[in-house]
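Beneath this line is the structure, given in structure tokens, with notes to follow.
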Amino acid sequence: MYPREAARKHAVEQNAVSQSAFFVTTPIYYISGNPHMGHAYTSIAADVLARYHRTRGTSYFLTGTDEHGQKVAQAAAAVGLDPKTWTDSLVPRWQELCSRYDVRYDDFIRTTEPRHIDQVVEVFERLKASGDVYLGAYEGWYCTNDETFWLEAKLVDGRCPNPECGREVQWLSEQNWFFALSKYRDRLLAHFRENPNFVRPERSYNEMVATLEGGLDDLCISRTNLDWGVPLPGGGVMYVWLDALLNYITALDYTHDGEKFRTLWPANVQLVGKEIARFHTIIWPAVLFALGLPAPDMVFAHGWMTLEGEKMSKSRGNVVDPFEMVDRFGADTLRYFLLREAPFGSDFSFGEEKVRLRRNGDLGNDLGNLARRSLAMLVKYRDGVVPPPAPSATGEAFATLPTRVHEAMTTLGFRDALEAIWELVAALNRLIDEKRPWDLHKRDASDELDTVLYDLCEGLRWLAIMIWPFMPTKATELYNTLGLPGEPLVAWATALHWGGLAGGTRVAPAELPLFPRMDAEVAAHEATAL
Ligand code: ME8
Numbered sequence: 394m395y396p397r398e399a400a401r402k403h404a405v406e407q408n409a410v411s412q413s414a415f416f417v418t419t420p421i422y423y424i425s426g427n428p429h430m431g432h433a434y435t436s437i438a439a440d441v442l443a444r445y446h447r448t449r450g451t452s453y454f455l456t457g458t459d460e461h462g463q464k465v466a467q468a469a470a471a472v473g474l475d476p477k478t479w480t481d482s483l484v485p486r487w488q489e490l491c492s493r494y495d496v497r498y499d500d501f502i503r504t505t506e507p508r509h510i511d512q513v514v515e516v517f518e519r520l521k522a523s524g525d526v527y528l529g530a531y532e533g534w535y536c537t538n539d540e541t542f543w544l545e546a547k548l549v550d551g552r553c554p555n556p557e558c559g560r561e562v563q564w565l566s567e568q569n570w571f572f573a574l575s576k577y578r579d580r581l582l583a584h585f586r587e588n589p590n591f592v593r594p595e596r597s598y599n600e601m602v603a604t605l606e607g608g609l610d611d612l613c614i615s616r617t618n619l620d621w622g623v624p625l626p627g628g629g630v631m632y633v634w635l636d637a638l639l640n641y642i643t644a645l646d647y648t649h650d651g652e653k654f655r656t657l658w659p660a661n662v663q664l665v666g667k668e669i670a671r672f673h674t675i676i677w678p679a680v681l682f683a684l685g686l687p688a689p690d691m692v693f694a695h696g697w698m699t700l701e702g703e704k705m706s707k708s709r710g711n712v713v714d715p716f717e718m719v720d721r722f723g724a725d726t727l728r729y730f731l732l733r734e735a736p737f738g739s740d741f742s743f744g745e746e747k748v749r750l751r752r753n754g755d756l757g758n759d760l761g762n763l764a765r766r767s768l769a770m771l772v773k774y775r776d777g778v779v780p781p782p783a784p785s786a787t788g789e790a791f792a793t794l795p796t797r798v799h800e801a802m803t804t805l806g807f808r809d810a811l812e813a814i815w816e817l818v819a820a821l822n823r824l825i826d827e828k829r830p831w832d833l834h835k836r837d838a839s840d841e842l843d844t845v846l847y848d849l850c851e852g853l854r855w856l857a858i859m860i861w862p863f864m865p866t867k868a869t870e871l872y873n874t875l876g877l878p879g880e881p882l883v884a885w886a887t888a889l890h891w892g893g894l895a896g897g898t899r900v901a902p903a904e905l906p907l908f909p910r911m912d913a914e915v916a917a918h919e920a921t922a923l
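Taking my numbering, the leading residue of the sequence shown gets 394, the next gets one more, and so forth.
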């Protein structure tokens, strides 16, 4: 059993939080141009998950760029650069995407780095030695856009059968290296059956089982008509998909038996867009099995961000610039929007008007006004000093909220988690409307006013803690406004007990409003001013 599996098993037996880091990955993105909003989506989701698990112990978040293959080579050639100079010039923009959206990765791997290339060659040698990689003749159709070989029978009108692509395919005829994928079909099917959570959501799970039941061909894993890739002993370069998939373990120093590898693999969650589920749930685990390694616990194939009903993608040209959006709306509003708008497994359309509605509604009217009104009343009626805790119906009603949010986060139900958190927002707003603190003040109902003001402040503290993974900047602002120092990166199990906010705490509501209203005209004006 792998050390990490043993540690987890122990944690489960002891009913304790596992001390080993929660390991989450994104796909490594093709660096054939600048990032678009779809790329930001996956990275934000991974960041939210990593931050959530940081509140429970530690997490490790890996992302990076996929820099080999014909697609990148062609993009570089189109601007007259060699591929490495081209990717070097683009990587800073991809990393900037992360920093602009508060996406804090622990490692950013590039497949052109020596640490990756050396290990890819070593893996190739190991697979050759075990007989899982063998030399054979390849003749078949290749789609450069998808970097995928297709069987003749699968082509649609002689073109790439991927409905998102449909481009011309090329006939290739070469001596090539093959990976014995077909040999792993039964083991994969058994793995799927024994681990229903291996592939989520269920739709992807079912699709992949159907693919497996339909049979697997061995996979051609080398290319001889291309030199932009990891060079293989004896000539040719490695098929870009195998090269890319291996990043998940080369980043952990796998072939050097690195400490990171021993403590982090298998990954807890690997996030991918649904179009690349097949690579991650069939080819990837088969390669891991061939290396004698366990498969990740879960591959989550999320839905697509669309524009006017079509998948947002570079090749279609219908992309939204994430830098322009973050300048306009700020990172937290977009992070909230993306994870609140649709269940994580479903497609959803991106639209600025929709972002603006969420910003002004859920964030501005519901949460922002709650904070503004509550703190203004505390300042007005109690000089900004939090009253002592008292037994609270609100506290009782929401005692199970952290557990509900946890359950949602475990299944990557980001939207459910946010909806559950917003129940507390709504309850606190109702509390103000029903109790009318201004009347309590007029009537001199001092104890009751204390209880209401305490509940509002304590509720805001809970909210700051629970929204932190989603909106780290605004959550920290809210937390600091309550007179609490640092970031609300705290263990929920100890921090989320109603009454945790000490009476006598002095609030500092200077930073409000949290979410200033955005008018359509203002948004448009700001856009033209950029
Ligand atoms: O496939 N909606 O890279 P890629 C949602 N290099 N997510 C989207 C999206 C959209 N419209 N567009 C892109 C590759 N994404 C390979 C991966 S991994 C070993 C190699 C996100 O640049 C989503 O995560 O085409 C998708 O799977 C990924 O970007 C594809 O990025």
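Glycine included, each C-beta is placed from N, C-alpha and C at the ideal position.
Where alanine 857 is concerned, the enclosing alpha helix (DSSP H) starts and stops at 839–860.
Relative to the non-hydrogen atoms of the ligand ME8, the Cβ of aspartate 459 comes within a distance shorter than 6 Å of at least one. Between the C-alpha atoms of arginine 493 and leucine 731 there is a straight-line separation of about 15 Å. Counting only residues of its own chain and dropping the five nearest sequence neighbours on each side, proline 906 has a CB closer than 6 Å to the CB of Gly761, Arg765. Beta-bridge analysis with DSSP links glutamate 567 to Tyr531. Distances between the C-beta of isoleucine 669 and the heavy atoms of the ligand ME8 include at least one below 6 Å. Assigned with DSSP and collapsed to three states, valine 465 falls in helix. Annotation: glycine 744 to threonine 480 spans about 30 Å, alpha carbon to alpha carbon. Between valine 818 and aspartate 725, the gap from beta carbon to beta carbon reaches 7 Å or more. Taking a C-beta distance under 7 Å as the contact criterion, tryptophan 621 and proline 476 qualify as a contact pair. For secondary structure counted as the beta strand (DSSP E) over 3 or more consecutive residues, the segment 536–597 holds these complete runs in sequence order: 541–543, 563–572.
Around the CB of tyrosine 422, 16 or more other CB atoms lie within 10 Å, so the residue is classed as buried. Residue Arg899 holds the alpha-carbon nearest to the alpha-carbon of tyrosine 847 among Val602, His673, Arg899, Arg836.
Exclusion of the five residues before and after tyrosine 535 leaves Phe542, Val562, Gln563, Leu565 as the residues of its chain whose Cβ lies within less than 7 Å of its Cβ. Here the alpha carbon of alanine 670 sits roughly 8 Å from the alpha carbon of valine 692.
DSSP places valine 900 outside both helix and strand once states are collapsed to three, so it counts as coil. Separation of the CB atoms of leucine 638 and tryptophan 677 is rounded to 5 Å, and the pair is thereby assigned contact status at 8 Å.
Sequence-distant partners of valine 712 (beyond 5 residues in either direction) whose C-beta falls short of 6 Å from its own C-beta, in its chain, are His429, Met705. The segment 819–826 and the segment 874–890 do not touch, with fewer than 3 CB-CB distances between them shorter than 8 Å.
Two segments are said to touch when three or more pairs of C-beta atoms, one from each, lie closer than 8 Å; by this definition the segment 734–743 does not touch the segment 769–786. Taking C-alpha positions only, phenylalanine 863 is separated from tyrosine 647 by approximately 32 Å. Taking a C-beta distance under 7 Å as the contact criterion, serine 597 and lysine 667 qualify as a contact pair.
Collapsing the DSSP output to three states places lysine 704 in a strand. With contacts defined as CB atoms closer than 7 Å, tryptophan 891 and serine 785 qualify as a contacting pair. A distance below 7 Å separates the beta carbons of isoleucine 424 and leucine 483. Take the alpha-carbon of histidine 509 and the one of glutamate 518: they are about 14 Å apart. In the three-state reduction of the DSSP assignment, isoleucine 502 falls in the strand class. Following the DSSP letters along the chain, one finds histidine 799 inside the alpha helix (DSSP H) bounded by residues 794–803. The beta carbon of cysteine 613 is closer than 7 Å to those of Tyr531, Phe542, Asn569, Phe571, Tyr632 in its chain, skipping five residues each way along the sequence.
The ligand ME8 has no heavy atom closer than 6 Å to the beta-carbon of isoleucine 437. Burial is judged here by how many other beta carbons sit within 10 angstroms of a residue's own beta carbon; asparagine 588 has fewer than 16 and is exposed. The Cβ atoms of alanine 694 and valine 665 lie closer than 7 Å to each other. The ligand ME8 approaches isoleucine 421 closely enough that one of its heavy atoms is under 6 Å from the residue's Cβ.
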